[in-house]
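Accompanying notes for the structure given below.
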Amino acid sequence: MTELVGWTDGLPFKLFRAHQVLRKKLDDTFADLGVTSSQVGMAVHLDELGNLSGSDLARLLHVSPQSTSTTLSSLERMGWVTRVPHPTHKRIIWYQLTDAGREGVRAGKQALSELQAELAETLGEDLVRDSKAALTDIVEKVEGPQPSYEPLWPTV
Numbered sequence: 001m002t003e004l005v006g007w008t009d010g011l012p013f014k015l016f017r018a019h020q021v022l023r024k025k026l027d028d029t030f031a032d033l034g035v036t037s038s039q040v041g042m043a044v045h046l047d048e049l050g051n052l053s054g055s056d057l058a059r060l061l062h063v064s065p066q067s068t069s070t071t072l073s074s075l076e077r078m079g080w081v082t083r084v085p086h087p088t089h090k091r092i093i094w095y096q097l098t099d100a101g102r103e104g105v106r107a108g109k110q111a112l113s114e115l116q117a118e119l120a121e122t123l124g125e126d127l128v129r130d131s132k133a134a135l136t137d138i139v140e141k142v143e144g145p146q147p148s149y150e151p152l153w154p155t156v
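Under UniProt numbering, think of the first position of the sequence shown as 1, with each following residue one higher.
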């Protein structure tokens, strides 16, 4: 039988607490911009990868289609994204960043860079580097190798 570990001594709890602490820092950082980390994250992916469908974003970000739809709807209300038909598969709806969305992404990336610098100063560059490597290892050992992203609805 596996030895029982104290609730707060186990790796899952430590990861959970680290997530809570960093998520609060992210939320506080993006609150100054009037957006959530989910909204900025989705907009950044659209900026870096180009137009994507809601299902592409859900798979890419490992979140539910419902959560993706909610975030995209809020981005649309904010004027950050607009819906456009897929050029080949006309029934598929793509989300495209607007000029306001690109400006929001720029501000979000700047805010995140400032948070990253603050964390590096607080934790030290070595701990930041080692933590990123350890977290990548955990994800890959638990979930398997992370595939490169391929859109579900390519334009070809």
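For glycine and all other residues, C-beta sits at the position ideal for the given N, C-alpha and C.
Rounded C-alpha distance that separates residue i from residue j
i: Val21; j: Thr88; result: 43 Å
i: Gln110; j: Val44; result: 12 Å
i: Gly10; j: His86; result: 46 Å
Local conformation of residue i per DSSP, three classes
i: Leu11; result: helix
i: Arg91; result: coil
i: Ser131; result: helix
i: Pro147; result: coil
i: Leu33; result: coil
i: Leu52; result: strand
i: Val81; result: strand
i: Leu4; result: coil
Expected contact under 8 Å - CB spacing of residue i and residue j to nearest Å
i: Thr82; j: Glu76; result: 7 Å
i: Asp27; j: Ser37; result: 6 Å
i: Phe16; j: Trp7; result: 11 Å between Cβ atoms; not a contact.
Nonlocal neighbours in the same chain, by C-beta distance under 8 Å from residue i, ignoring five residues either side
i: Ala58; result: Ser64, Pro65, Ser67, Thr68
i: Glu140; result: Gln146
i: Leu72; result: Met42, Gly54, Leu57, Val81, Tyr95
i: Leu115; result: Lys25, Leu26, Thr29
Neighbourhood of residue i by C-beta distance below 7 Å, restricted to the same chain and skipping five residues each side
i: Val84; result: Asn51, Trp94, Gln96
i: Ala100; result: Gly79, Trp80
Same chain, Cβ closer than 6 Å to residue i, five either side skipped, listed in chain order
i: Leu61; result: none
i: Ala120; result: Val128
>> Three or more C-beta pairs under 8 Å: does that hold for the stretch 30 to 42 against the stretch 97 to 113?
In response: yes
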